[in-house]
Amino acid sequence: MNMRVTINALQYKSNSSGIGVLLRELFGRLGASLPCRVVLPKDCPPFPEHPGSEQVRAPFTSAQGLGRVLFQSFVLGPKHCRNAVVLTTDSKAPFFLPRSAKLIPVITDLAVFRMGGVYQGSRVFLWRLQYRYLCRRADRFIAISEFTKRELTEVLGIPAGKIDVVPCAAPAGMGRVEDPAALEACREKYGLPRRFVLFVGNFNPRKNLERLIRAFERMKAATGLPHALVIAGEHGWKFDREAALAGVSEGDRVRFVGFVPDGDMAALYTLADAFAFPTLYEGFGIPVIEAQRCGAPVLASNVSCLPEVGGDGALYVDPYSESAIADGLARILTDEGLREGLVRAGYANAARYSWEASARELKKIVEGCM
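Numbering-wise (this note's numbering), the sequence shown opens with residue 882 and increments by one.
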């Protein structure tokens, strides 16, 4: 039986979110070596095109959540998944899959089980049902880190032998910017101070921003360092900016610069004196690798996947302790020996990851199911 590949990319509404990057950089490369049918929302950003592959636009926009659920549940499987290896992300598998279809979900994390309290109750119920369906229907699983693989075995009871690990990476062009004019243009564009600590990510409870801001203020009071905290990213769910800034004046010490496009990210990381990522739960943590590629000393959480992903190129702290985060920030900003060691180790660690290598591994897994 001749099989093809169907990619469920109905979540592709932003090419800068973690899921968006995964879809573009990993799934988007697969079409260069295997014929793929990619199913996308009609208003999504450009997705990589390759000869021999096709793109199908669903009749709804990325903002029409109900449309996506209905299309994914009742149309995607019967219409686009016959005699196909179906790639999808997390719990977003099409229902009513034909028996001839092979299903391979790529799992980024199991936050809905580990941090269910931060999500809307009805969504938690639905997502958990979808995961139970995956457990019964999936032919293989792909985890984006060894940590996520362990989560799949511990939380859902999936045999380790049924799970492959295909890691994420930084974009191929991500690296330290040496052009002074380009750096100054980035500084002016976003109103960046001369000395700052950088955070990058969407704003939601998992990102631990309120605690980071309080820890940063604590570090400033203890050390008198001139640095500001620059926060780059889009507002997510359950994030109260005023509460996060309680008692802190936005502007001089804490600056929200909003969404930063990919073309400016390397300069932003290069300009930063340190990159802080004390998040509570991640499946991979791509910004850590991006910062390392650009030579920024990294402070990260000592929980979830981050010690695995950051390797020796990060200073790890307890993300639930303001004092630990504050002390870590002070060390990473004042200890030159530590900074130099983290930068060297960061470059070496980031070199372990590439989207090209991960795409080759994905191809082998898909071909093994054909």
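We treat Cβ as the ideally placed atom computed from N, Cα and C, and that holds for glycine.
By a C-beta neighbour count over all protein chains shown, 10 Å radius and 16 as the cutoff for buried, is Ala1102 buried or exposed?
Taking the sequence shown and counting its residues from 1, the one referred to as residue 1102 is at position 221. Looking at its Cβ environment, which holds fewer than 16 other Cβ atoms inside 10 Å, Ala1102 is exposed.
Cutting at 7 Å between CB atoms, please list the residues of its own chain near Gly1164, excluding the five before and the five after it.
As a position in the sequence shown, residue 1164 is number 283, starting the count at 1. Non-local beta-carbon contacts of Gly1164 in its own chain, meaning distances under 7 Å to residues more than five positions away in sequence, involve Thr989, Asp990, Ile1025, Ser1026, Thr1029 and Cys1186 in chain order.
Given a threshold of 16 other Cβ atoms within 10 Å of its Cβ, counted over all protein chains shown, does Lys1070 qualify as buried or as exposed?
Reading the sequence shown from its first residue, position 189 is the one you call residue 1070. Exposed is the call here.
Near Ala1148, what residues of its chain come up, given a Cβ to Cβ distance below 7 Å and the 5 sequence neighbours on each side ignored?
Position 267 of the sequence shown holds residue 1148. For Ala1148, where only same-chain residues beyond five positions count, the Cβ hits under 7 Å are Val1058, Ala1063, Leu1064 and Cys1067.
Using 10 angstroms around the beta-carbon of Asn883, count the other beta-carbons present and answer buried if the total reaches 16, otherwise exposed.
Within the sequence shown, residue 883 is the residue found at index 2, counting from 1. Per the 10 Å Cβ criterion, exposed.
Within the chosen definition, does the segment 1133 to 1146 reach the segment 1198 to 1205 through at least 3 CB pairs nearer than 8 Å?
no
I need the straight-line Cα distance from Ile1094 to Val1111, nearest angstrom please.
As a position in the sequence shown, residue 1094 is number 213, starting the count at 1. As a position in the sequence shown, residue 1111 is number 230, starting the count at 1. Their Cα atoms are separated by approximately 10 Å.
May I have a chain-ordered list of the alpha helix (DSSP H) segments no shorter than 4 residues that lie completely inside the segment 1029 to 1089?
1061 to 1071
My output table needs one value for Thr1104: the three-state DSSP class, helix, strand or coil.
In the sequence shown, residue 1104 corresponds to position 223, counting from 1. If DSSP states are grouped into helix, strand and coil, Thr1104 belongs with the helices.
Classify Leu947 as buried or exposed, calling it buried when 16 or more other Cβ atoms lie within 10 Å of its own Cβ.
Counting from 1 along the sequence shown, the entry for residue 947 is found at position 66. Looking at its Cβ environment, which holds fewer than 16 other Cβ atoms inside 10 Å, Leu947 is exposed.
Taking just the CA atoms, how far does His961 sit from Phe955?
As a position in the sequence shown, residue 955 is number 74, starting the count at 1. As a position in the sequence shown, residue 961 is number 80, starting the count at 1. Distance between the alpha carbons of Phe955 and His961: 11 Å.
Mind checking whether Lys983 and Leu891 have CB atoms under 8 Å apart?
Locating residue 983 in the sequence shown gives position 102, counting from the first residue. Locating residue 891 in the sequence shown gives position 10, counting from the first residue. Not closer than 8 Å, so no.
For the beta strand (DSSP E) containing Ser1182, list its first residue and its last residue.
In the sequence shown, residue 1182 corresponds to position 301, counting from 1. Looking at the DSSP string, the run of the beta strand (DSSP E) that includes Ser1182 is Val1179 to Ser1182.
Do Val1179 and Gly1192 have their beta-carbon atoms positioned less than 8 Å apart in this structure?
Within the sequence shown, residue 1192 is the residue found at index 311, counting from 1. Within the sequence shown, residue 1179 is the residue found at index 298, counting from 1. No.
Along the chain, where does the alpha helix (DSSP H) that runs through Gly958 open and close?
As a first step, residue 958 must be located in the sequence shown, where it is residue number 77. According to the DSSP assignment, Gly958 belongs to the alpha helix (DSSP H) that extends over Gly958 to His961.
Starting from Lys983, trace the alpha helix (DSSP H) in both directions and tell me its first and last residue.
The residue given as residue 983 occupies position 102 in the sequence shown. Careful: Lys983 lies outside any alpha helix (DSSP H), inside the beta strand (DSSP E) at Lys983 to Ile988.
Can you have a look at Arg1017 and say buried or exposed, based on whether 16 or more other CB atoms are within 10 angstroms of its CB?
Within the sequence shown, numbered from 1, the residue matching residue 1017 stands at position 136. Per the 10 Å Cβ criterion, exposed.
Report the three-state DSSP secondary structure of Gln936 (helix, strand or coil).
Translated into positions along the sequence shown, residue 936 becomes position 55. Strand.
Let's see if you can read the secondary structure: which residues bound the alpha helix (DSSP H) around Thr970?
Locating residue 970 in the sequence shown gives position 89, where the first residue counts as 1. Premise fails: Thr970 lies in the beta strand (DSSP E), Ala965 to Thr970, not in any alpha helix (DSSP H).
Does the segment 905 to 919 come into contact with the segment 1235 to 1247, if we say contact requires no fewer than three beta-carbon pairs (one atom in each stretch) closer than 8 Å?
yes
Taking Arg1092 as the reference, give the member of Ala1153, Arg949 and Leu1210 with the closest Cα.
Position 211 of the sequence shown, counted from the first residue, corresponds to residue 1092. For the residues Ala1153, Arg949 and Leu1210, the minimum Cα distance to Arg1092 belongs to Leu1210.
Which first and last residues belong to the beta strand (DSSP E) in which Cys1175 is found?
On the sequence shown, residue 1175 is found 294 positions in, with the first residue counted as 1. No beta strand (DSSP E) holds Cys1175; DSSP gives it neither H nor E.
How should Thr1215 be labelled, buried or exposed, when 16 other C-beta atoms within 10 angstroms of its C-beta is the threshold for buried?
In the sequence shown, counting from the first residue as 1, residue 1215 sits at position 334. With a threshold of 16 other beta carbon atoms within 10 Å, Thr1215 falls short and is exposed.
From which residue to which residue does the beta strand (DSSP E) around Pro922 run?
Within the sequence shown, numbered from 1, the residue matching residue 922 stands at position 41. Under the DSSP assignment, Pro922 falls in the beta strand (DSSP E) whose first and last residues are Cys917 to Pro922.
Report the partner residues of Ala1211 according to the DSSP bridge assignment.
Translated into positions along the sequence shown, residue 1211 becomes position 330. Answer by DSSP bridge pairing: none, since Ala1211 is not bridged.
Taking Asn1083 as the reference, give the member of Ile888, Gly901, Thr887 and Asn889 with the closest Cα.
Within the sequence shown, numbered from 1, the residue matching residue 1083 stands at position 202. Closest by alpha carbon: Gly901.
Assign Lys1245 to buried or exposed, taking buried as 16 or more other Cβ atoms, counted over all protein chains shown, within 10 Å of its Cβ.
Mapped onto the sequence shown, residue 1245 falls at position 364. Under this definition Lys1245 is an exposed residue.
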